[in-house]
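For reference, the structure is listed below as structure tokens.
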Amino acid sequence: MSRLSLEVLASAVPGWHFLVLVLAATPLAYYIAATLAALRFFLRERGREIASYAPAVSLLKPVRGVDFGSYENFASFCTQEYAEYEILFGVADHADPAVPLIQRLIAEFPQRRIRLLVGSEELGTNRKVNKLARLAREAQHDVLALTDGDVRVGPRYLREVVAPFGDRKVGAVTSFYRGIAEENLGAELEAVGAASDFFAGVLMANWMEGITFALGASIVTTREWVAKIGGFGAIADMHSDDYELGHRIAKAGGKVLLSREAVWTMYPAQTARGFWQHQARWARTVRLCRPLSFAGLIFTHGLPWALLAALLAPAPWIAAAYLLAYLVLRLTMAWTVGVWGVRDDVVRRRLWLVPLRDAIYFVVWLASFASNRIHWGGEEFKMEKGHLVPAASAQSSMTRTATNSHR
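Note that this note's numbering has the sequence shown beginning at 418, numbered continuously upward.
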């Protein structure tokens with residue numbers, strides 16, 4: 418917004434109306450900056466030659482249950498263009514539905530070293546981290562590639578994400594993830610939100626300050642860096658194990674890098690309630706991990722600001738300008754980050770869902786401040802400084818405290 422435009426607005430509207438109109442331009446500036454951040458990152462990375470560093474790797478896959486693409490996801494790790502690696506799957510018990518698929522995988526890819534490990538020590542409330550701790554103990558190699566059970570990769574995945582470790586200062590490499598969504602509104606909204614909005618924030622963080630966290634779909638690190646942060650046991654009570662792993666490695670002096678090699682993750686069909694619980698859990702997790710950054714997201718919510726500016730605008734053309742600027746700049750950012758950058762097919766096909774997703778997520782953002790409780794894995798937890806506390810235990814502790822205070 419030019420200086421002349423600001424002077425015209427200031428003379429046309431009083432006090433706080435003018436302030437709102439100025440603040441409403443902040444998300445628009447953010448959309449432009451995030452678009453530039455995406456162009457900067459992907460143009461640079463796509464022009465870079467891959468390094469030849471390719472040590473042996475242990476792929477660690479903690480698994481719980483199956484989804485609509487599980488076998489194809491698992492099989493994608495067996496067709497890597499990479500000389501030496503092993504795949505370790507971890508499940509809680511033999512009854513897990515993933516076990517027959519893993520056994521089929523072992524039979525169909527005899528040339529690959531694939532192991533299935535059942536059970537793990539209960540180091541904390543995060544069952545995924547408990548499995549990771551055992552898988553890491555059993556792994557034969559120093560480079561550890563951690564991927565979720567619902568992740569699918571391309572054949573060059575290992576070559577891309579391991580090569581940066583030729584630099585000993587690199588502590589972790591993490592990847593964007595493209596969506597593969599079932600035909601379901603909730604699933605598609607989640608995929609669109611991750612690729613068109615969340616990743617824009619990641620790219621901005623990378624540009625402004627560097628990455629100091631990791632994205633859970635794919636994290637590659639080494640035994641040495643895991644040991645430096647106290648092992649997986651140190652984060653076994655944390656909900657955001659991916660964030661904590663990357664953040665602690667960064668605090669220990671390791672570089673955390675974004676890879677140009679994106680992976681795929683599954684977005685299964687879900688009910689309206691399931692969608693809400695998942696979005697609320699994610700939002701509350703981010704709020705508790707990065708409270709100042711999360712509060713600052715108010716200035717990236719372009720839709721409510723544009724609507725408010727349109728209501729307060731002194732002239733119809735100014736109202737229309739704010740709404741049009743939101744649509745053009747927001748969709749440009751979504752396309753640049755999600756379609757051109759990450760190459761997410763769901764965003765390409767459902768770009769028109771972006772304004773609806775923005776409206777829903779603004780409500781989710783507001784609701785996230787109402788509680789520290791989340792639903793995860795069929796259970797309810799209270800989050801206390803990033804730690805998972807079963808809701809029943811938290812309530813019992815509060816009851817004992819109240820009883821003792823009245824004695």
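Yeah, the Cβ is synthetic: ideal placement off N, Cα and C, and Gly gets one too.
Taking all protein chains shown into account, P479 has 16 or more neighbouring C-beta atoms within 10 Å of its C-beta and is therefore buried. Between W681 and F458, the CB-CB gap reaches or exceeds 9 Å. A distance below 9 Å separates the beta carbons of A598 and A608.
Here the region 625–642 makes no contact with the region 759–778; the two share fewer than three CB pairs at distances below 8 Å. Contact annotation, T443 with F716: C-beta distance approximately 4 Å; criterion of less than 8 Å satisfied. For T717, there is no enclosing beta strand (DSSP E), as DSSP marks it with neither H nor E. Of all alpha-carbon atoms in I523, T496, L534 and Y502, the one lying nearest the alpha-carbon of V508 is that of L534. Within 10 angstroms of the beta-carbon of G566 lie 16 or more other beta-carbons, which makes it buried. The three-state reading of DSSP puts K545 in helix, counting H, G and I together. I597 carries a strand assignment under DSSP once its states are collapsed to helix, strand and coil. Within the region 430–484, the runs of alpha helix (DSSP H) at least 4 residues long that lie entirely inside it are, in chain order, 432–440 and 443–463. I636 sits close to L662, with the two beta carbons spaced by under 9 Å.
The three-state secondary structure of L705, taken from DSSP, is helix. The alpha-carbon of P708 is positioned some 23 Å away from that of F692. About 12 Å separates the CB atoms of R595 and V754; that is not less than 8 Å, and the two are not in contact. Across the set R573, A492, L456 and R530, the C-alpha of R573 shows the shortest separation from the C-alpha of S469.
DSSP places S493 within a helical segment (H, G or I) once states are collapsed to three. Judged by beta-carbon spacing, P685 lies within the 9 Å limit of A604, meaning their Cβ atoms are closer than that value. In this model, W722 and F786 are separated by some 19 Å (Cα to Cα). A Cβ-Cβ distance of about 6 Å is found for the pair F582 and V560, placing them in contact under the 8 Å criterion.
Per DSSP, K586 lies in no beta strand (DSSP E) and is assigned neither H nor E. Annotation for E503: the continuous beta strand (DSSP E) segment containing it runs Y502 to V508. Per DSSP, Y684 is one residue of the beta strand (DSSP E) stretching across K672 to Y684.
Secondary structure note for V754: it is in no beta strand (DSSP E), with a DSSP letter that is neither H nor E. V587 and I519 have their alpha carbons spaced roughly 32 Å apart. Shown here for V483: same chain residues with a beta carbon closer than 6 Å to its own, the five before and five after excluded, namely P514 and A515 in chain order.
E498 places its beta carbon 9 Å or farther from that of L606.
Distance from the CA of S788 to the CA of N547, rounded to the nearest whole angstrom, comes to 27 Å.
For L456, the CB contacts under 7 Å within the same chain, skipping 5 residues up- and downstream, are T753 in chain order.
In terms of Cβ geometry, A751 and V781 do not form a close pair [threshold 9 Å]. According to the DSSP assignment, A667 belongs to the alpha helix (DSSP H) that extends over D658 to K668. Ranking L549, I467 and I523 by CA distance to the CA of Y488 puts I523 first.
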